[in-house]
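Notes for the one structure printed next.
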Amino acid sequence: MYQRLDLEVWDGDQPIPREELLRRVPGKQGIICLLTEKIDSQVLDAAGSSLKVVSTISVGTDHIDLEAAKARGIKVGYTPGVLTDAVAELTLGLTLATARCFFRSHCEIRSGGWEKSTWSPLKMYGKLLQGSTVGIVGLGRIGFALLKRLKAFQVKDILFTARSPKPHGEAEGGKEVRFEELLQKSDFVICTCALTPETQGMFDKTAFHLMKSSVVFINISRGGLVNQDDLVEALKGGEIWGAGLDVMTPEPLPHDHPLLQLANCTVIPHIGSATEKTRLDMARLAAENLIAGIKGTSMPAQLL
Ligand code: NAP
203 MYQRLDLEVW
213 DGDQPIPREE
223 LLRRVPGKQG
233 IICLLTEKID
243 SQVLDAAGSS
253 LKVVSTISVG
263 TDHIDLEAAK
273 ARGIKVGYTP
283 GVLTDAVAEL
293 TLGLTLATAR
303 CFFRSHCEIR
313 SGGWEKSTWS
323 PLKMYGKLLQ
333 GSTVGIVGLG
343 RIGFALLKRL
353 KAFQVKDILF
363 TARSPKPHGE
373 AEGGKEVRFE
383 ELLQKSDFVI
393 CTCALTPETQ
403 GMFDKTAFHL
413 MKSSVVFINI
423 SRGGLVNQDD
433 LVEALKGGEI
443 WGAGLDVMTP
453 EPLPHDHPLL
463 QLANCTVIPH
473 IGSATEKTRL
483 DMARLAAENL
493 IAGIKGTSMP
503 AQLL
């Protein structure tokens with residue numbers, strides 16, 4: 203039996219302004235959103251009792267007030283799984299790009315620096331994955347996909363932290379350790395952990411202090427996991443060797459932000475899942491979640 207759904211689409215280049223969102227949601231049965239839309243009790247209340255489902259085109263759900271949705275009996279759909287491989291590949295790429303100074307090297311050629319200094323043994327030297335200890339903070343879908351890929355690089359040890367037991371991580375050769383031990387022992391610290399009230403700002407001064415001064419720190423999860431002022435200080439003061447970030451605070455990052463002035467920091471604009479196939483799969487899954495949530499049938503990827 204077909205049911206007609208009327209769609210109201212925001213198709214501006216920029217995220218929908220908050221006032222516009224609040225003006226448009228009253229009476230809607232479903233909302234499809236991106237991580238740029240904060241879906242809190244104000245939005246849910248503005249939508250009113252007609253709202254059945256919020257469907258986000260993302261696997262991270264920190265932009266949605268889940269407690270508020272739950273309290274109002276509103277279902278929440280998200281897009282796990284379909285982006286795992288794309289983000290794991292990007293994470294590996296960002297790790298190599300940071301460890302081997304890809305962007306700094308490229309800039310050096312463009313600015314004529316290479317012509318001036320030709321070749322030297324110490325020029326642009328970086329870090330080797332082979333033989334290293336890699337720590338993955340948060341062994342979820344993306345963390346585990348990364349672990350499997352890292353084995354091909356012949357790393358020495360893969361450590362990970364988790365909230366719940368991860369026997370598949372151990373079975374693939376990883377070792378679960380406490381957060382502090384991971385920070386102390388790892389040559390690469392890679393954050394793939396969900397942003398929650400408990401993990402907010404977990405990479406702070408204390409965490410950077412525990413890391414090796416030779417460490418490469420990578421974050422592909424959410425900017426909120428990192429105390430960014432502490433990260434800037436750690437990079438400036440040589441407390442850590444380098445960082446690669448796909449996520450930061452705020453997004454978009456202002457072009458004159460201190461992170462962009464640092465030669466030992468590689469920043470890319472939140473492109474973890476940005477492949478054509480992945481984005482289409484995410485959009486399709488979010489649409490299926492929305493339709494099922496409105497019709498009251500089983501949602502393919504329901505969080506709440
Ligand atoms: P996931 O399977 O839910 O993995 C998240 C992991 O974080 C879970 O394994 C969870 O542990 C762990 N975790 C939560 N709190 C923790 C804590 N206090 N200590 C240690 N581990 C903790 O999600 P995913 O699909 O792998 O995605 C992970 C995150 O990547 C998302 O939340 C999102 O923010 C980010 N992401 C970024 C991009 C990008 O474009 N850069 C794209 C997609 C996703 P348990 O399993 O024990 O609950």
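The working numbering puts the first residue of the sequence shown at 203, with every later residue one more than the last.
Think of the CB as a built atom: it goes at the ideal place given N, C-alpha and C, for glycine as much as any other residue.
From a predicted model like this one, the values you see are computed outputs, not experimental measurements.
Would the beta-carbon of M169 fall within 8 Å of that of I442? Outside the displayed span of the chain (203 to 506) sits residue 169, for which this structure offers no information.
Pull up the distance between the alpha-carbon of L324 and that of N421, whole angstroms please. Each residue's alpha carbon lies about 27 Å from the other.
Using only the heavy atoms of the ligand NAP, determine whether one of them is closer than 7 Å to the beta carbon of C395. Answer for C395: yes, Cβ within range of the ligand NAP.
Within the continuous beta strand (DSSP E) that includes V289, where are the two ends? Judged by DSSP secondary structure, V289 falls outside any beta strand (DSSP E) and instead within the alpha helix (DSSP H) spanning 286–301.
Any heavy atom of the ligand NAP closer than 7 Å to the beta-carbon of L331? No - the ligand NAP has no heavy atom lying nearer than 7 Å to the Cβ of L331.
Please indicate yes or no: does the CB of G229 lie closer than 7 Å to some heavy atom of the ligand NAP? For the ligand NAP, not one heavy atom lies less than 7 Å from the Cβ of G229.
Reference P202; option with closest CA among G440, E435, T477, A488: Outside the shown range of the chain (203 to 506) lies residue 202, about which nothing can therefore be said.
Tell me the DSSP secondary structure of E383 in three-state form. DSSP places E383 in helix when its eight states are reduced to three.
What's the call for E317, buried or exposed, on a 16-neighbour Cβ count within 10 Å? With fewer than 16 Cβ atoms within 10 Å of its Cβ, E317 is classed as exposed.
One question on the structure: do T300 and G444 come within less than 8 Å of each other, judged by their Cβ atoms? Less than 8 Å separates the beta-carbon of T300 from that of G444.
Does the distance from the CB of K277 to the CB of S252 come in under 8 Å? Contact flag unset, no.
Once the 5 residues before and after R206 are set aside, which same chain residues still bring their CB inside 6 Å of it? Excluding sequence neighbours, R206 sits near nothing in its chain.
With respect to 7 Å, is the separation between the Cβ of G444 and the closest non-hydrogen atom of the ligand NAP below this value? It does not: the Cβ of G444 is nowhere closer than 7 Å to a heavy atom of the ligand NAP.
Below 8 Å on the Cβ atoms is my guess for S334 versus K358; work out the distance and round it to an integer in Å. That pair is a contact at about 6 Å.
Does the region 359–369 touch the region 298–314, meaning 3 or more C-beta pairs lie closer than 8 Å? The region 298–314 vs the region 359–369: no contact.
DSSP puts N429 in a beta bridge; with which residues? Paired residue(s): none; N429 is not in a bridge.
Out of curiosity, what's the CA-to-CA distance linking L384 and K407? C-alpha separation (whole angstroms): 16 Å.
Decide if Y280 is buried, meaning its Cβ has at least 16 other Cβ atoms within 10 Å, or exposed. By the neighbour-count rule (16 or more Cβ atoms within 10 Å), Y280 is buried.
Is I266 helix, strand or coil by DSSP? I266: strand per DSSP, three-state reduction.
How would you label E372, buried or exposed, when you count the other beta carbons within 10 angstroms and need 16 or more for buried? That one is exposed.
Give a yes or no on contact between the region 252–265 and the region 386–400, applying the rule of three or more CB pairs nearer than 8 Å. Under the three-pair Cβ rule at 8 Å, the region 252–265 counts as touching the region 386–400.
Grab me the residues of A248's own chain with a C-beta within less than 7 Å of its C-beta, minus the 5 sequence neighbours each way, in chain order. If the five residues before and after A248 are omitted, its C-beta is found closer than 7 Å to the C-beta atoms of L224, V227, P228, all from its own chain and listed in chain order.
Quick check: the Cα distance between V379 and A290, rounded to an integer number of angstroms? A direct Cα-to-Cα measurement between V379 and A290 gives close to 21 Å.
Tell me, which residues are paired with A445 by DSSP? Per DSSP, F419, C467.
Within the continuous alpha helix (DSSP H) that includes V245, where are the two ends? Run containing V245: 243–249, per the alpha helix (DSSP H) assignment.
Apart from the five residues on each side of it in sequence, which residues of its chain come closer than 7 Å, Cβ to Cβ, to A270? For A270, where only same-chain residues beyond five positions count, the Cβ hits under 7 Å are D242, S243, L246.
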